[in-house]
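Report on the structure given below.
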Amino acid sequence: MKITITPYNPKWIQQFSSLKNELSLILKELNPVIEHIGSTSVPGLAAKPVIDISVGIKDVKQFDRVVELMEPHPYIYYKVFNSTMPKRRLFVRLKKEADQKLFPKVFINPDHIPHDQINIYRMAHVHVWEFGTPDWVRHIAFREYLKAHPDVKQQYQDLKKKLSLKNWKHGMDYNDGKNSFIKEEEAKAIAWYNTNNIK
Numbered sequence: 785m786k787i788t789i790t791p792y793n794p795k796w797i798q799q800f801s802s803l804k805n806e807l808s809l810i811l812k813e814l815n816p817v818i819e820h821i822g823s824t825s826v827p828g829l830a831a832k833p834v835i836d837i838s839v840g841i842k843d844v845k846q847f848d849r850v851v852e853l854m855e856p857h858p859y860i861y862y863k864v865f866n867s868t869m870p871k872r873r874l875f876v877r878l879k880k881e882a883d884q885k886l887f888p889k890v891f892i893n894p895d896h897i898p899h900d901q902i903n904i905y906r907m908a909h910v911h912v913w914e915f916g917t918p919d920w921v922r923h924i925a926f927r928e929y930l931k932a933h934p935d936v937k938q939q940y941q942d943l944k945k946k947l948s949l950k951n952w953k954h955g956m957d958y959n960d961g962k963n964s965f966i967k968e969e970e971a972k973a974i975a976w977y978n979t980n981n982i983k
């Protein structure tokens with residue numbers, strides 16, 4: 785599969801705002817903190833046209849309740865990744881309510897995920913973390929770091945465009961291609977974020 789990287793689109797902010805309102809209602813009883821993360825959250829940065837959202841909740845013990853609350857809505861639950869990232873719950877938001885009839889509500893086996901088909905219908909990735917943990921902070925720090933460091937943002941954009949020219953088995957392999965750059969810059973971002981007390 786090819787990864788589509790498109791020029792920055794200001795509509796991504798609007799899409800996030802709409803999804804934030806939706807998630808705030810769905811998860812209202814858990815009082816979540818909801819942030820726009822990933823490349824679509826950085827003005828001027830080319831990206832896959834898929835919104836990444838970080839949802840912070842008070843306690844990992846509430847993860848099961850998150851899954852229950854999300855179930856009636858057009859979100860696919862990627863339970864398959866719980867074993868490798870036990871402190872995260874991952875969902876894919878489909879573009880339309882009717883789209884949820886096309887796929888199982890939960891994926892447990894990685895070999896059963898029809899990545900190419902889901903990619904056609906997905907609007908967003910929703911990452912649920914415990915608020916304030918290192919996993920939560922690193923995504924916020926990286927976003928703010930890219931905003932404040934246009935040279936790093938340009939390097940990241942160039943890398944993504946280069947990787948988008950390759951054929952990938954699925955998007956996880958593409959993410960692996962970015963991993964070394966992200967880990968190096970993310971470490972700098974966290975130090976910068978903490979030193980400057982960015983909020």
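For the sequence shown, my numbering assigns the number 785 to the initial residue and increments by one for each residue that follows. For each residue, glycine too, the CB sits at the ideal point set by N, CA and C.
For residue 808, the enclosing alpha helix (DSSP H) has its first and last residue at 795 to 810. Contact between the stretch 931 to 950 and the stretch 842 to 851 is absent: fewer than 3 CB-CB pairs across the two stretches fall below 8 Å. Looking from the CA of residue 863, the closest CA among 835, 897 and 964 belongs to 897. Per DSSP, the continuous alpha helix (DSSP H) segment holding residue 936 begins and ends at 934 to 947.
Under the DSSP assignment, residue 906 falls in the beta strand (DSSP E) whose first and last residues are 906 to 914. Judged by beta-carbon spacing, residue 850 lies beyond the 7 Å limit of residue 861, meaning their Cβ atoms are not closer than that value. Excluding its 5 nearest sequence neighbours in each direction, residue 825 has C-beta neighbours in its own chain below 6 Å: 927, listed in chain order. As for any beta strand (DSSP E) of minimum length 3 sitting wholly inside the stretch 854 to 934, the runs are 859 to 861, 873 to 878 and 906 to 914, ordered along the chain. Residue 838 is bridged by DSSP to 819 and 911.
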